[in-house]
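Peer 1:
2 protein chains.
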Amino acid sequence: MKQKKFLLPESEIPTAWFNMQAVMPNKPLPILNPATHEALKPQDLYPIFCEECANQELNQKDEWIPIPDPVREQYAVYRCTPLVRAYDLEAALGTPAHIYFKNESVSPAGSHKLNSALAQAYYAKQQGITNITTETGAGQWGGALSYAAKKFGLECAVYMVKVSYEQKPYRRSIMETFGATITPSPSMSTRAGKDIITANPNDQGSLGCAISEAIELAVSTPNCKYTLGSVLNHVCLHQTVIGLEAEKQMELAGEYPDIVIACFGGGSNFSGITYPFMRHNIQEGKKTRFIAAEPASCPKLTRGKFEYDFGDEAGLTPLLPMYTLGHDFKPASIHAGGLRYHGAGVIMSQLMKDGFMEAVDVEQLDSFNAGVLFARTEGIIPAPESCHAIAATIKEALKCKEIGEGKTILFNLSGHGMVDMSAYDKYFSGEMRNYNISDEELQKYIKSADALNK
Amino acid sequence: MKQKKFLLPESEIPTAWFNMQAVMPNKPLPILNPATHEALKPQDLYPIFCEECANQELNQKDEWIPIPDPVREQYAVYRCTPLVRAYDLEAALGTPAHIYFKNESVSPAGSHKLNSALAQAYYAKQQGITNITTETGAGQWGGALSYAAKKFGLECAVYMVKVSYEQKPYRRSIMETFGATITPSPSMSTRAGKDIITANPNDQGSLGCAISEAIELAVSTPNCKYTLGSVLNHVCLHQTVIGLEAEKQMELAGEYPDIVIACFGGGSNFSGITYPFMRHNIQEGKKTRFIAAEPASCPKLTRGKFEYDFGDEAGLTPLLPMYTLGHDFKPASIHAGGLRYHGAGVIMSQLMKDGFMEAVDVEQLDSFNAGVLFARTEGIIPAPESCHAIAATIKEALKCKEIGEGKTILFNLSGHGMVDMSAYDKYFSGEMRNYNISDEELQKYIKSADALNK
């Protein structure tokens, strides 16, 4: 019987995260204070984030950052996650390619998000913080943080975009089951929320507004810190456990990936699976290709612009040097909520600029075609976000078939879609459609970033 | 770091199922033809079931039945499933007991049901069958069979109780994603369905009617067979992979269970986790206790009667010797749909009668109290069915605390509750309630079975 899964015992859970900032040839440009345009120091971030996270955010020195034992102990609930050979998908495609996927869907919260949530909750607890807060759109990050907070004995308040709060009751219930307090945003609990509700009592909320509410709660509440689930350097750092495990598991399989693929929202799961392999490109001249799969309707890497921009719609964050579609970009309402973000993380933006990675865009219908084929061959119903990685993988596998070359492809299955079945329903009913965006429209949005770079 | 999960490589997937019928001291009474009251032979079951399944159903001779390689290959998608030490649950309870659980929720369909679905689909394919059919209430079995059919290239038609079809769209979508055809029952596609709809156009369906429709489809369609997800001996046989793996994993943990617990509907996950350990009680005089956790509202083992009864409401099946509440028992609409069945499997009924196992009943609210504590400590949101096993486990663990004795408890986590979040919603909103049934009402139902035993 051929081996299907490559498992590692929990003693092989990495003992340190890999810090890409320490090895990349061109360091990222500094993060700037929007008022003074001065480079930010860790201390400038302390009012919002835990000190350790703020320090990690700007650490360009240490290649390895130790994972605290209590975090590793919590990782052991679901890690090491399986590396799986997708034999049946390969057979269905008739490709000579070897397709592997890292299955991050096995975590309690159903996605890779927990890798950083546990770390952030732990550091908060260590610092004597009692409450943490965040925003959530699709609900994956909110679910992960709720669970992590419970495990480290913290109170957790999540601002959930009102339209999601009403349309995704299962996600909300998951957060409640893990013990968090969920507030639909905009809410009357903050100045920012009140202002919006006063102006428009029927406002359905946005990620931008939910971020503003969570940050306001954090800075105005004693012993409360804000947390974020993607984009930032320390979040991507925590996700490198994915690739570090995958590296050992590919060794068990006797292969090394020619191509590594992940879907791309802010970059957290992409960085997690790619950085540990990419370091061998940087340090030893390996030639692995790294492909970010983004939605065609939110094409920051394939059609965005590299410049300074805000991380949020409202313009409350520092200025980040990144590929962006403009901070007031209004993404189409695709079902992959986790990919509807206007910018790419700072490190990845620099890596993209320097040619260490590439990007492709995927239409919504192609993503679900791929997801359904994957479910029927490999048994896991993928999250709409992960469907993008699968679509890009299938494309590469079919290229291999065309040229008759058996490459080794590894992709990250960032999460399962068990609580996204309404999206699959739409797909099967024929009601789902693609969303394209014209160059004219794109330029209109990008201007909001251009204005900051003059 | 203390070890949390006990894993086995897929090379350790059992190569044979354990057949309890071959070793139990008192064999089950024969299954009877309801018209002639003659004992059934395998051939009598061939019109409905695959021949191999019919043979296994009545096999009292072979202690081990080999698992075909193609089934083992498909098992490798998710097996061996993890055995997990519930340290954080233990800590929350302050119990000296060691609590372990076998995590069957990691299967593609989210529960143990796939263990038999894959076997049944394989045997159908082997026999040249092209179509399989079944009924589903809560949707766990339907989801598992849909996936198994797809993996072995069979068409799958599922009759889903109409009220579930409308109330559980996620379960329906999961089956569609795996490629099955779902028909709300009653339907116009069968005589049985037509009769019911003609009499009452607004009929909301029942498991009894859905079974009738599926059986009618199977016997009236060339190359089509019916499949069942619990109760029957061959289904329980296939589930023994759970306990066989758990036995090896408990060895890795250096322990042997004093108590083994599972929830109980028809008995499929209960038999799966218990039989392999129970054989040591029978053959070597071990003293492990085996506890079936059933809902207080459907108390077939704790308050039912051991006699011959039909397996379905409509009285289409052979007569089965079992603990029953009467085949026209109307279970309350608790959220654990998989436990709403009037009878216990034939083998387990005999084992219960002979004192090899015991049963407890669990109130609905207690089951969800237990499920939420488990989610917050161990990270997995359990299926409402599995919550019953957890509640029984907690009760035993608290007894250990009381008497200051550290017993080793193993329970089966039969499935996750990611698609049952509406039940958790009800719990958190305070709208959930217990359902008790009076002795008088119980006796009224049991009469329907009594009548068959005169």
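Each protein sequence line maps, in turn, to chains W and P.
Quick note on the working numbering: the first sequence kicks off at 1 and runs consecutively.
Quick note on the working numbering: the second sequence kicks off at 455 and runs consecutively.
Cβ coordinates follow ideal geometry from the N, Cα and C atoms, glycine included.
For Ala672 of chain P, I'd like the list of residues in its chain whose CB is within less than 7 Å of its CB, leaving aside the five on either flank, ordered along the chain.
Peer 2: These residues qualify, in order along the chain: Ile502, Thr587, Cys678, Lys679 and Tyr680.
Peer 1: So what does Lys557 of chain P bridge to, in DSSP terms?
Peer 2: One detail in the question is off: residue 557 of chain P reads as Asn in this sequence, not Lys. Looking at the DSSP assignment, Asn557 of chain P forms a beta bridge with P:Leu867.
Peer 1: Between the region 631-658 of chain P and chain W, which residues of the former have a C-beta closer than 9 Å to a C-beta of the latter?
Peer 2: For the region 631-658 of chain P, which is checked against every Cβ of chain W, the residues closer than 9 Å are Thr631, Phe632 and Gly633.
Peer 1: Per DSSP, which residues does Met322 of chain W bridge with? Please list them.
Peer 2: Answer is W:Glu307.
Peer 1: Between Leu316 of chain W and Ile215 of chain W, how many whole angstroms is the CB-CB distance? I'm expecting something under 8 Å.
Peer 2: Confirmed, Cβ separation roughly 6 Å.
Peer 1: Starting from Met160 of chain W, follow its DSSP beta bridges and name the residues at the other end.
Peer 2: Paired residue(s): W:Thr136 and W:Pro184.
Peer 1: Could you tell me the distance, in whole angstroms, from the CA atom of Glu492 of chain P to the CA atom of Ser803 of chain P?
Peer 2: Rounded to whole angstroms, Glu492 of chain P to Ser803 of chain P spans 20 Å at the Cα level.
Peer 1: Quick one: which chain W residues come within Cβ less than 7 Å of Lys458 of chain P?
Peer 2: Per Cβ cutoff of 7 Å: Glu10, Ala76 and Val77.
Peer 1: Does the beta-carbon distance from Gly765 of chain P to Gln594 of chain P come in below 8 Å?
Peer 2: The answer is no: Cβ separation not under 8 Å.
Peer 1: Whole alpha helix (DSSP H) runs in the region 659-724 of chain P with 4 or more residues, listed along the chain?
Peer 2: Counting whole runs of 4 or more residues, the region 659-724 of chain P contains the alpha helix (DSSP H) stretches 661-674, 687-693 and 695-706.
Peer 1: Kindly list, in the order they appear in chain P, the residues whose Cβ is closer than 9 Å to that of Tyr147 of chain W.
Peer 2: Those are Ala829, Arg830 and Gly833, listed as they occur along chain P.
Peer 1: Pro623 of chain P versus chain W: which residues are under 9 Å apart at the beta carbon?
Peer 2: Here the neighbours are Met421, Ser422 and Asp425.
Peer 1: Counting Cβ pairs closer than 8 Å, one from the region 819-829 of chain P and one from the region 697-712 of chain P, do we hit at least three?
Peer 2: No: fewer than three Cβ pairs fall under 8 Å.
Peer 1: Tell me whether the region 835-842 of chain P and the region 183-195 of chain W touch, counting them as touching only if at least three CB pairs, one residue from each stretch, are closer than 8 Å.
Peer 2: No, the region 835-842 of chain P does not touch the region 183-195 of chain W.
Peer 1: What's the gap between the Cα of Ser751 of chain P and the Cα of Ile891 of chain P?
Peer 2: Near 6 Å, if we compare the C-alpha coordinates of Ile891 of chain P and Ser751 of chain P.
Peer 1: For Ser565 of chain P, which residues does DSSP report across the bridge?
Peer 2: According to DSSP, which records beta bridges pairwise, Ser565 of chain P is partnered with P:Gly869.
Peer 1: CB Ala845 of chain P to CB Ser876 of chain P, shorter than 8 Å?
Peer 2: Not in contact: Ala845 of chain P and Ser876 of chain P (Cβ atoms no closer than 8 Å).
Peer 1: Counting only the same chain and skipping the five closest in sequence on each side, list residues whose C-beta sits under 7 Å from that of Cys507 of chain P.
Peer 2: Cβ within range, chain order: Gln574, Tyr577 and His688.
Peer 1: Could you tell me which residues DSSP pairs with His552 of chain P in its beta bridges?
Peer 2: Paired residue(s): P:Thr862.
Peer 1: Quick check: is the beta carbon of Leu461 of chain P nearer than 8 Å to any beta carbon in chain W?
Peer 2: By this cut-off, Leu461 of chain P is an interface position.
Peer 1: Give, in chain order, every unbroken run of the beta strand (DSSP E) that is at least 3 residues long and sits entirely within the region 809-868 of chain P.
Peer 2: For the region 809-868 of chain P, whole beta strand (DSSP E) runs of length 3 or above, ordered along the chain, are 812-816 and 862-867.
Peer 1: What is the DSSP secondary structure of Glu294 of chain W, counted as helix, strand or coil?
Peer 2: Strand, per DSSP.
Peer 1: Leaving out the 5 sequence neighbours to the left and right, which residues in its chain are closer than 8 Å to Ala199 of chain W when beta-carbon positions are compared?
Peer 2: So the list is empty, once near-sequence residues are dropped.
Peer 1: Hey, is the region 267-285 of chain W in contact with the region 98-118 of chain W, meaning 3+ C-beta pairs nearer than 8 Å?
Peer 2: The region 267-285 of chain W vs the region 98-118 of chain W: in contact.
Peer 1: Determine the direct distance from the alpha carbon of Glu284 of chain W to that of Met250 of chain W, and round the result to whole angstroms.
Peer 2: Between Met250 of chain W and Glu284 of chain W, the C-alpha separation is close to 18 Å.
Peer 1: Using the three-state DSSP reduction, which class does Phe428 of chain W fall into: helix, strand or coil?
Peer 2: It is helical.
Peer 1: Count the other C-beta atoms from every protein chain shown that fall within 10 angstroms of the C-beta of Ser11 of chain W, then say buried if there are 16 or more, exposed otherwise.
Peer 2: Looking at its Cβ environment, which holds fewer than 16 other Cβ atoms inside 10 Å, Ser11 of chain W is exposed.
Peer 1: Give a yes or no on whether the minimum CB-CB distance between Pro108 of chain W and chain P is below 8 Å.
Peer 2: So yes, Pro108 of chain W belongs to the interface.
Peer 1: Who are the Cβ neighbours of Thr443 of chain P in its own chain at under 6 Å, not counting the five residues just before and after it?
Peer 2: Only positions 455 to 908 of chain P appear in this structure, which leaves residue 443 of chain P out of reach.
Peer 1: Just verifying my parser: in three-state terms, what is the DSSP assignment at Pro524 of chain P?
Peer 2: Pro524 of chain P: helix per DSSP, three-state reduction.
Peer 1: Can you give the Cα-Cα distance for Ile665 of chain P and Glu589 of chain P, rounded to whole angstroms?
Peer 2: Ile665 of chain P and Glu589 of chain P: Cα-Cα distance of roughly 5 Å.
Peer 1: Nearest CA to the CA of Leu793 of chain P: which residue from P:Glu544, P:Gln497 and P:Asp815?
Peer 2: For Leu793 of chain P, the nearest C-alpha among the options comes from P:Asp815.
Peer 1: Jot down the residue ranges of each uninterrupted alpha helix (DSSP H) in the region 23-64 of chain W, minimum 4 residues, whole runs only, in chain order.
Peer 2: Whole alpha helix (DSSP H) segments, 4+ residues: 42-45 and 51-57.
Peer 1: Taking DSSP as the reference, what is the three-state secondary structure of Val84 of chain W?
Peer 2: Strand, per DSSP.
Peer 1: If you reduce the DSSP assignment to three classes, tell me which class Phe277 of chain W lands in.
Peer 2: Three-state result, Phe277 of chain W: helix.
Peer 1: In angstroms with no decimal places, state the Cα-to-Cα distance between Lys740 of chain P and Thr847 of chain P.
Peer 2: Cα to Cα, Lys740 of chain P sits roughly 20 Å from Thr847 of chain P.
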